[in-house]
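Enquirer:
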Amino acid sequence: MSVQRPNVGIRSNSWAPYWVRGIVAFVAGVLVYQSMMLGLDVHIEWFSGISAFNAAWIIAMTIVPVVAGIVVGAIYGFGGKYLAHFPPALTMLYVYQHTYSVPDGTHLIPWGLWVVFVILQMEFCAIGGFLGELIIRKRFSWDSPGFMPADSEPLPLEEEDTTNKNS
Numbered sequence: 044m045s046v047q048r049p050n051v052g053i054r055s056n057s058w059a060p061y062w063v064r065g066i067v068a069f070v071a072g073v074l075v076y077q078s079m080m081l082g083l084d085v086h087i088e089w090f091s092g093i094s095a096f097n098a099a100w101i102i103a104m105t106i107v108p109v110v111a112g113i114v115v116g117a118i119y120g121f122g123g124k125y126l127a128h129f130p131p132a133l134t135m136l137y138v139y140q141h142t143y144s145v146p147d148g149t150h151l152i153p154w155g156l157w158v159v160f161v162i163l164q165m166e167f168c169a170i171g172g173f174l175g176e177l178i179i180r181k182r183f184s185w186d187s188p189g190f191m192p193a194d195s196e197p198l199p200l201e202e203e204d205t206t207n208k209n210s
């Protein structure tokens, strides 16, 4: 007995090709990330002593990248956890390189410490990207007819066993 599968092609039934979804997800991730950082008035690249590590800074280091990652993962879909690494990295690089003056009593953190913060932000954003993928899977499950993750191929159909089992 052969298994009937829905007529699904190699392409996903998505709202756009993967490269368009990638660009839109990246831009949305950058906008969400930067707007939340500006809303919290946190500048990770500035250091003014131990008093700089307050509640807003902790939220900016943990919650903000996760939310940006959820946005990226929900827009891009399957593979969003990989794309989610880039919005905080490129945003933080741009902000660090374009900081020409800092307030009195503040200085730019050293490159080594800044790289640690960038990697931390990227990993938290990847967690958010994974959660965004789960949100998409909750809406469009693996078993939905006609749905297939982007850039994947359908499994081959099972064939009937035509060999004689009694010999």
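Numbering (this note's numbering), first residue to last: 44 to 210. We treat Cβ as the ideally placed atom computed from N, Cα and C, and that holds for glycine. The structure displayed is predicted, hence computed values, not measured ones.
What residues match up with L151 in a beta bridge as DSSP calls it?
Expert: To locate residue 151, count along the sequence shown from 1; it is residue 108. W89.
Enquirer: Helix, strand or coil: how does DSSP classify Y143 here?
Expert: Locating residue 143 in the sequence shown gives position 100, where the first residue counts as 1. Looking at Y143 - three-state DSSP - the assignment turns out to be coil, as it is neither helix nor strand.
Enquirer: Residues in its own chain within less than 7 angstroms of F160 by CB, not counting five upstream and five downstream?
Expert: In the sequence shown, residue 160 corresponds to position 117, counting from 1. Cβ within range, chain order: I87.
Enquirer: Is it the case that the Cβ atoms of A127 and A169 are separated by a distance below 9 angstroms?
Expert: Residue 127 sits at position 84 when you count from the first residue of the sequence shown. Residue 169 sits at position 126 when you count from the first residue of the sequence shown. Contact flag set, yes.
Enquirer: Leaving out five residues before and five after P211 in sequence, what residues of the same chain have Cβ atoms less than 7 angstroms from its Cβ?
Expert: Outside the modelled stretch of the chain, which goes from 44 to 210, sits residue 211, for which no answer is possible.
Enquirer: Suppose you measure from the CA of W62 to the CA of D147; what does that come to, to the nearest Å?
Expert: Within the sequence shown, numbered from 1, the residue matching residue 62 stands at position 19. Within the sequence shown, numbered from 1, the residue matching residue 147 stands at position 104. Roughly 44 angstroms separates the two Cα atoms.
Enquirer: Helix, strand or coil: how does DSSP classify G122 here?
Expert: To locate residue 122, count along the sequence shown from 1; it is residue 79. Three-state DSSP puts G122 in coil, outside helix and strand.
Enquirer: Looking at C-alpha atoms only, which residue of M79, I152, G122 and V158 is the closest neighbour of L106?
Expert: As a first step, residue 106 is located in the sequence shown; it is residue number 63 there, counting from the start. According to the sequence as given, residue 106 is Ile; it is not Leu. Taking only the C-alpha atoms, the option nearest I106 is M79.
Enquirer: Is it buried or exposed, A103, if we count other Cβ atoms within 10 angstroms and call 16 or more buried?
Expert: Reading the sequence shown from its first residue, position 60 is the one you call residue 103. It counts as buried.
Enquirer: Would you kindly check if the distance between the Cβ of E166 and the Cβ of G123 is under 9 angstroms?
Expert: Taking the sequence shown and counting its residues from 1, the one referred to as residue 123 is at position 80. Taking the sequence shown and counting its residues from 1, the one referred to as residue 166 is at position 123. Result no, Cβ atoms of G123 and E166 do not sit closer than 9 angstroms.
Enquirer: Compare the beta carbon distance of L151 and V145 with 9 angstroms and say whether it is the shorter of the two.
Expert: The residue you call residue 151 lines up with position 108 of the sequence shown. The residue you call residue 145 lines up with position 102 of the sequence shown. Yes, they are a contact pair.
Enquirer: Considering only C-alpha positions, which residue in the set W89, I66 and L83 is nearest to L156?
Expert: Residue 156 sits at position 113 when you count from the first residue of the sequence shown. When each option's Cα is compared against that of L156, the closest is W89.
Enquirer: So the candidates are G65, N97, I101 and D84; which of them puts its Cα closest to the Cα of L163?
Expert: Indexing the sequence shown from 1 puts residue 163 at position 120. If we check each option's Cα against that of L163, I101 comes out closest.
Enquirer: Which value, in whole angstroms, describes the spacing of the CA atoms of F173 and R180?
Expert: Working through the sequence shown from its first residue, we reach residue 173 at position 130. Working through the sequence shown from its first residue, we reach residue 180 at position 137. Each residue's Cα considered, the two are about 11 angstroms apart.
Enquirer: Compare the Cα-Cα distances from R64 to each of V138, F121 and L81 and report the closest residue.
Expert: Here residue 64 corresponds to residue number 21 of the sequence shown, with the count starting at 1. The residue with the shortest Cα to Cα distance from R64 is F121.
Enquirer: Skipping 5 residues on each side, what residues in its chain have a beta carbon closer than 7 angstroms to that of V138?
Expert: Here the question's residue 138 lines up with position 95 in the sequence shown. E88, listed in sequence order.
Enquirer: Using alpha carbons as the reference points, say which of V85, G92 and S91 lies closest to A98.
Expert: Start at 1 with the first residue of the sequence shown, and residue 98 comes out as number 55. Nearest option by C-alpha distance: V85.
Enquirer: If you run the structure through DSSP and keep just helix, strand and coil, what is F218?
Expert: As displayed, the chain neither begins before 44 nor continues past 210, which places residue 218 out of reach and without an answer.
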